[in-house]
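Chemist: Numbering (the numbering used here) for the sequence shown: 1 to 318.
Structure below; questions to follow.
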Amino acid sequence: MEPVDVVGFEGLWSPAAPDPDEVRVVPLPASRQQEAVDLVCERLPHTTRGEAGWHFDAPEVFDGLASVEAVDRHGGMLGVGFTGHPRFAPDGRAFQRVVVAREHEGRGIGRALRQALLERLPDATTDLVTGTFDDEPRSLEVAAHWGFGVEEHAIESQLDLADLPTPAAPPGVTLHDVPDLVFDDAEAVERMLLTSQTNPEAEQGWVFDLARLRALVSDNETPVCVVARVDGAPAAITFGGVSGATLMIAYSGVAPDHRGRGLMTLVKQRAHLSARAVGATVSRTANEEHNRGIRRINEALGYVVHSGVYRMSQKLAG
Ligand SMILES: CC(C)(COP(=O)(O)OP(=O)(O)OC[C@H]1O[C@@H](n2cnc3c(N)ncnc32)[C@H](O)[C@@H]1OP(=O)(O)O)[C@@H](O)C(=O)NCCC(=O)NCCS
Numbered sequence: 001m002e003p004v005d006v007v008g009f010e011g012l013w014s015p016a017a018p019d020p021d022e023v024r025v026v027p028l029p030a031s032r033q034q035e036a037v038d039l040v041c042e043r044l045p046h047t048t049r050g051e052a053g054w055h056f057d058a059p060e061v062f063d064g065l066a067s068v069e070a071v072d073r074h075g076g077m078l079g080v081g082f083t084g085h086p087r088f089a090p091d092g093r094a095f096q097r098v099v100v101a102r103e104h105e106g107r108g109i110g111r112a113l114r115q116a117l118l119e120r121l122p123d124a125t126t127d128l129v130t131g132t133f134d135d136e137p138r139s140l141e142v143a144a145h146w147g148f149g150v151e152e153h154a155i156e157s158q159l160d161l162a163d164l165p166t167p168a169a170p171p172g173v174t175l176h177d178v179p180d181l182v183f184d185d186a187e188a189v190e191r192m193l194l195t196s197q198t199n200p201e202a203e204q205g206w207v208f209d210l211a212r213l214r215a216l217v218s219d220n221e222t223p224v225c226v227v228a229r230v231d232g233a234p235a236a237i238t239f240g241g242v243s244g245a246t247l248m249i250a251y252s253g254v255a256p257d258h259r260g261r262g263l264m265t266l267v268k269q270r271a272h273l274s275a276r277a278v279g280a281t282v283s284r285t286a287n288e289e290h291n292r293g294i295r296r297i298n299e300a301l302g303y304v305v306h307s308g309v310y311r312m313s314q315k316l317a318g
């Protein structure tokens with residue numbers, strides 16, 4: 001039988017596997033990476049080009065990266081899949097990202113992409129992590145069907161960096177830009193960083209020491225780090241990277257014995273100024289929905305919620 005052309009398919013779900021003559025999953029050539037980013041951004045409008053293409057722009061941040069595409073018999077791109085181990089992630093965790101163009105959903109293309117990724121996982125993978133936007137109930141159902149469980153609901157918000165206040169540090173408090181994370185008292189800073197991690201993500205194994213924070217920044221990102229000290233002792237930190245015109249805040253924390261004095265607001269205000277000085281026009285962050293402390297601070301700083309993500313994980317058998 002002549003294979004049918006899938007372009008223009010109505011998008012109804014069929015339990016049948018795609019005809020391999022009609023749809024193939026193949027490694028994504030470098031020459032089609034931008035098209036893959038286009039597909040992801042069109043399918044997932046909350047995603048920025050920087051987020052969608054992070055693994056292309058920053059391959060040094062990942063081990064065992066693999067990218068695949070589903071193509072029709074004319075070579076048209078129907079969906080894409082990515083896997084890899086982020087070096088800042090706990091050992092054994094690899095991400096799995098499967099995105100199918102909206103008009104081709106529901107006919108086995110996601111399944112074929114996932115299968116191809118499972119065959120290309122980084123060495124020693126024990127757990128997969130993924131995410132679905134919270135306004136995508138079917139994607140959540142598919143991910144749950146594949147065996148993913150929700151670890152947290154993260155709220156994503158953004159701040160325009162046009163109009164920024166200058167932080168007013170009280171007596172005894174000093175603010176320091178340390179983008180290279182090199183400190184004379186590195187042990188004390190690391191102790192503060194570790195004790196500050198009372199966030200839900202740390203309980204799930206996502207603990208950052210200084211080395212893991214450094215591993216977060218790619219070669220084409222400008223790191224931003226501000227540390228607050230109280231009478232010289234490290235007390236609070238915020239860390240992120242500027243790529244394009246966006247500051248992505250990766251981690252912010254205050255040591256428990258320095259909480260309740262507004263230090264996080266000060267370090268973030270300073271980080272916003274530092275990011276703007278290296279070209280950022282917006283700052284983005286994501287916070288677990290019940291992490292009321294940081295969400296209240298971000299709201300007061302002017303961050304506006306734009307989306308939410310279910311962060312999910314799956315333990316692989318054996
Ligand atoms: C999630 C997504 C990748 C699914 O792609 P798709 O091509 O529509 O998926 P398929 O038709 O191949 O179905 C995938 C599986 O889900 C099952 N499924 C389909 N609809 C389902 C539903 N409503 N509830 C539960 N399972 C469902 C299918 O039976 C299939 O099972 P199998 O893999 O065990 O054979 C697609 O909707 C998408 O791109 N979403 C946005 C990105 C995203 O959120 N990705 C999920 C995280 S990786």
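Glycine included, every Cβ here is placed at the ideal spot set by N, Cα and C.
Taking G244 as the reference, which of A211, A255, R276 has the closest Cα?
Modeler: By one-based count along the sequence shown, residue 244 stands at place 244. That would be R276, whose Cα lies nearest to the Cα of G244.
Chemist: Taking the alpha-carbon positions, what's the G262 to P223 distance?
Modeler: Start at 1 with the first residue of the sequence shown, and residue 262 comes out as number 262. Start at 1 with the first residue of the sequence shown, and residue 223 comes out as number 223. Roughly 23 Å separates the two Cα atoms.
Chemist: Under 8 Å Cβ to Cβ from D57, same chain only, skipping five residues before and after it: list those, please.
Modeler: Translated into the one-based positions of the sequence shown, residue 57 becomes position 57. Result list for D57: G50, S218, N220, S243, in chain order.
Chemist: How about S313 and E151: do their beta carbons lie closer than 8 Å?
Modeler: Along the sequence shown, one-based indexing puts residue 313 at 313. Along the sequence shown, one-based indexing puts residue 151 at 151. It is a contact, given that the beta carbons lie within the stated cut-off.
Chemist: Return yes when the C-beta of T166 is under 7 Å from any heavy atom of ligand 1, and no when it is not.
Modeler: For this step, residue 166 is matched to residue 166 along the sequence shown. No, the Cβ of T166 stays beyond 7 Å of every heavy atom of ligand 1.
Chemist: Can you check which of these residues, F88, P90, V71, is closest to G81 by C-alpha distance?
Modeler: For this step, residue 81 is matched to residue 81 along the sequence shown. Measuring from the Cα of G81, the nearest candidate turns out to be V71.
Chemist: Straight-line CA distance for D63 to V305?
Modeler: For the purposes of this step, residue 63 is taken as the residue at position 63 of the sequence shown. For the purposes of this step, residue 305 is taken as the residue at position 305 of the sequence shown. The alpha-carbon atoms of D63 and V305 are separated by roughly 32 Å.
Chemist: Nearer than 7 Å: is that true of the beta carbon of Q96 relative to any heavy atom of ligand 1?
Modeler: Residue 96 sits at position 96 when you count from the first residue of the sequence shown. Because some heavy atom of ligand 1 lies under 7 Å away, the Cβ of Q96 counts as near it: yes.
Chemist: Between L194 and D209, which are expected to be in contact by the criterion C-beta below 8 Å, what is the C-beta distance as a whole number of angstroms?
Modeler: To locate residue 194, count along the sequence shown from 1; it is residue 194. To locate residue 209, count along the sequence shown from 1; it is residue 209. Correct: roughly 7 Å between the Cβ atoms.
Chemist: Report the residue ranges of all beta strand (DSSP E) runs contained in full by the segment 242-294; include only those spanning at least 3 residues, in chain order.
Modeler: Runs of the beta strand (DSSP E) inside the segment 242-294: 246-254, 282-288.
Chemist: For my contact list, I338 and R295 are in at a C-beta cut-off of 8 Å; report their separation, rounded to the angstrom.
Modeler: Here the chain covers residues 1 to 318 and nothing more, so residue 338 does not appear.
Chemist: Following a CB-centred definition, is V178 positioned closer than 7 Å to any heavy atom of ligand 1?
Modeler: Counting from one through the sequence shown, the residue named residue 178 turns up at place 178. V178: no, Cβ never under 7 Å from ligand 1.
Chemist: Compare the Cα-Cα distances from D257 to each of T285, Q269, A233, Q115 and report the closest residue.
Modeler: Your numbering for residue 257 matches position 257 in the sequence shown. The candidate whose alpha carbon is nearest that of D257 is A233.
Chemist: Run through DSSP, which three-state label would V6 get?
Modeler: Taking the first residue of the sequence shown as 1, we reach residue 6 at position 6. Note that V6 scores 42 on pLDDT, short of 50, meaning its location in the model is unreliable and no value can be drawn from it.
Chemist: Flag E105 as yes when its Cβ comes closer than 7 Å to any non-hydrogen atom of ligand 3, and as no otherwise.
Modeler: No copy of ligand 3 appears in this structure; the ligands present are ligand 1.
Chemist: Which residues bound the alpha helix (DSSP H) around L39?
Modeler: The residue given as residue 39 occupies position 39 in the sequence shown. From DSSP, the alpha helix (DSSP H) with L39 extends over 33-43.
Chemist: Can you tell me which of P122, L113, R311, V254 puts its alpha carbon nearest to the alpha carbon of E201?
Modeler: As a first step, residue 201 must be located in the sequence shown, where it is residue number 201. The shortest Cα separation from E201 among P122, L113, R311, V254 belongs to R311.
Chemist: Buried or exposed: E60, going by 16 or more other Cβ atoms within 10 Å of its Cβ?
Modeler: In the sequence shown, counting from the first residue as 1, residue 60 sits at position 60. Result: exposed.
Chemist: Taking 7 Å as the cut-off, does the CB of S139 come closer than this to any heavy atom belonging to ligand 1?
Modeler: Residue numbering aside, residue 139 sits at position 139 when the sequence shown is read from its first letter. Yes, since a heavy atom of ligand 1 falls inside the 7 Å radius drawn around the Cβ of S139.
Chemist: Under a CB-based cut-off of 8 Å, is A36 close to chain C?
Modeler: Among the chains in the structure shown there is no chain C, since it carries only a single protein chain.
Chemist: If you count every other CB in all the chains shown that lies within 10 Å of the CB of K268, and 16 or more means buried, which is it?
Modeler: By 1-based counting over the sequence shown, the position of residue 268 is 268. K268 should be labelled buried.
Chemist: Compare the Cα-Cα distances from V129 to each of Q158, D38, G84 and report the closest residue.
Modeler: Counted from its first residue, the sequence shown places residue 129 at position 129. Considering only alpha carbons, the answer is G84.
Chemist: Quick check on the DSSP output: the alpha helix (DSSP H) that includes P137 runs from which residue to which?
Modeler: Indexing the sequence shown from 1 puts residue 137 at position 137. That run of the alpha helix (DSSP H) goes 137-145.
Chemist: Looking at the unbroken beta strand (DSSP E) that takes in A94, where does it start and where does it end?
Modeler: Position 94 of the sequence shown, counting from 1, holds the residue named residue 94. Taken as a continuous stretch (DSSP letters only), the beta strand (DSSP E) holding A94 covers 93-100.
Chemist: What whole-angstrom Cβ distance do V68 and A143 have, given they're in contact under 8 Å?
Modeler: Position 68 of the sequence shown, counted from the first residue, corresponds to residue 68. Position 143 of the sequence shown, counted from the first residue, corresponds to residue 143. Going by Cβ atoms, the distance from V68 to A143 rounds to 18 Å, so no, they are not a contact pair.
Chemist: Where V100 and L39 are concerned, what is the direct C-alpha to C-alpha distance, given to the nearest angstrom?
Modeler: Start at 1 with the first residue of the sequence shown, and residue 100 comes out as number 100. Start at 1 with the first residue of the sequence shown, and residue 39 comes out as number 39. Roughly 8 Å separates the two Cα atoms.
Chemist: Short check: CB of V25 to CB of L118, under 8 Å?
Modeler: Here residue 25 refers to the residue found at position 25 of the sequence shown. Here residue 118 refers to the residue found at position 118 of the sequence shown. Taking 8 Å as the Cβ cut-off, V25 and L118 do not qualify as a contacting pair.
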